[in-house]
Amino acid sequence: MTQPTPIRRAPGHRPKLLDLFSCAGGAAMGYHRAGFDVVGVDIIDRPNYPFAFHRADALDHLAALITSGEIARFAAVHASPPCQAGCALTVGTNASRGWGGTHVQLIPELRTLLDTTGLPYVIEQPNGKAPVRADVRLCGEMFGLGVLRHRVFELGRWTVPQPAHPRHRGYVRGYRHGVYRDGPYVAAYGAGGGKATVPEMQAAMGITWTTVREELTEAIPPAYTQWLGTHARHSLRAQEAAA
Numbered sequence: 262m263t264q265p266t267p268i269r270r271a272p273g274h275r276p277k278l279l280d281l282f283s284c285a286g287g288a289a290m291g292y293h294r295a296g297f298d299v300v301g302v303d304i305i306d307r308p309n310y311p312f313a314f315h316r317a318d319a320l321d322h323l324a325a326l327i328t329s330g331e332i333a334r335f336a337a338v339h340a341s342p343p344c345q346a347g348c349a350l351t352v353g354t355n356a357s358r359g360w361g362g363t364h365v366q367l368i369p370e371l372r373t374l375l376d377t378t379g380l381p382y383v384i385e386q387p388n389g390k391a392p393v394r395a396d397v398r399l400c401g402e403m404f405g406l407g408v409l410r411h412r413v414f415e416l417g418r419w420t421v422p423q424p425a426h427p428r429h430r431g432y433v434r435g436y437r438h439g440v441y442r443d444g445p446y447v448a449a450y451g452a453g454g455g456k457a458t459v460p461e462m463q464a465a466m467g468i469t470w471t472t473v474r475e476e477l478t479e480a481i482p483p484a485y486t487q488w489l490g491t492h493a494r495h496s497l498r499a500q501e502a503a504a
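Per the numbering used here, the sequence shown starts with residue 262, numbered consecutively.
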């Protein structure tokens, strides 16, 4: 299959970014602030998503864009596939206690499709055993946030230096192994046990456009993708200048 022809873009043009497995748009907002026009795709309706949105299976939608050639409208792709098959909780505590079910690992098929696009891409996952390269690791403390929310990012067809990881200022507030600790960060996942309230999660991550707890617990802070997106735009400009 032929690769998309690079498009020379006028100054001030906002390149399109495809946001797969978009949820409510935590990643999308960061890319928007970095200068991208974002189009989201998720398998369920996301009425709080703040940009153009398609309800569809992400892999099927991406494959259709490739087959039709419409993928050439995009400059980059971000994907945050379901993490349950490789996250630390699933493969650690839950597995050891026989909790949870079987989760399908989508990343190999996703990567094959992303490689076929010929576009720069990002695959985001929590720390754990997901089959992604940890090209960049980001933490909320790098951006002065009220969550730690460590995430790894595989970068395809572009690179960015790993930023320094500041020392954490204390504990994540809540119970761990039956012991309660206070601290400067909130736990933006689950419920009970000292976990963050919806307003606390909104403030800690900088996400104000949804009050749905499930959407907040699945989101990454926009600061992460604003940082990545700013570097991605510099990379795209350099590629266009060299073309």
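Glycine included, C-beta positions come from ideal geometry on N, C-alpha and C. Please read all numbers here as calculations on a predicted model, not as lab measurements.
Counterpart residues of residue i in DSSP-defined beta bridges
i: A340; result: L281 and I384
i: G301; result: D280 and F314
i: Y292; result: Note: Y292 sits in no beta bridge, so no partner.
i: R275; result: Answer is none; R275 lacks a bridge partner.
Proximity below 9 Å, CB of residue i to CB of residue j
i: A448; j: G439; result: no
i: A464; j: G407; result: yes
i: G291; j: P422; result: no
i: M466; j: A452; result: no
i: G431; j: F297; result: no
i: R434; j: R428; result: no
i: L399; j: W488; result: yes
i: I507; j: R316; result: What the structure shows of the chain is the stretch from 262 to 504, and residue 507 is not part of that stretch, so it cannot be assessed.
i: L278; j: F335; result: yes
i: V299; j: H293; result: yes
i: P381; j: A502; result: no
i: Y446; j: G401; result: yes
i: T486; j: A289; result: yes
Close Cβ partners of residue i (< 7 Å) along its chain, the five nearest in sequence each way excluded
i: P369; result: P392
6 Å Cβ shell around residue i - same chain, five flanking residues per side excluded
i: F404; result: A484
Contiguous beta strand (DSSP E) assignments of at least 3 residues, all confined to the stretch 367-419
382-387, 397-399 and 412-417
Between the stretch 407-421 and the stretch 389-396, can you find at least three pairs of beta-carbon atoms closer than 8 Å?
yes
When you compare the stretch 274-288 with the stretch 307-316, are there three or more beta-carbon pairs, one atom per stretch, that lie closer than 8 Å?
yes
Evaluate the contact criterion for the stretch 322-342 versus the stretch 371-389: three or more CB pairs, one atom per stretch, below 8 Å.
yes
Just to confirm the assignment: which complete alpha helix (DSSP H) runs, minimum length 4, are found wholly within the stretch 414-476?
459-466
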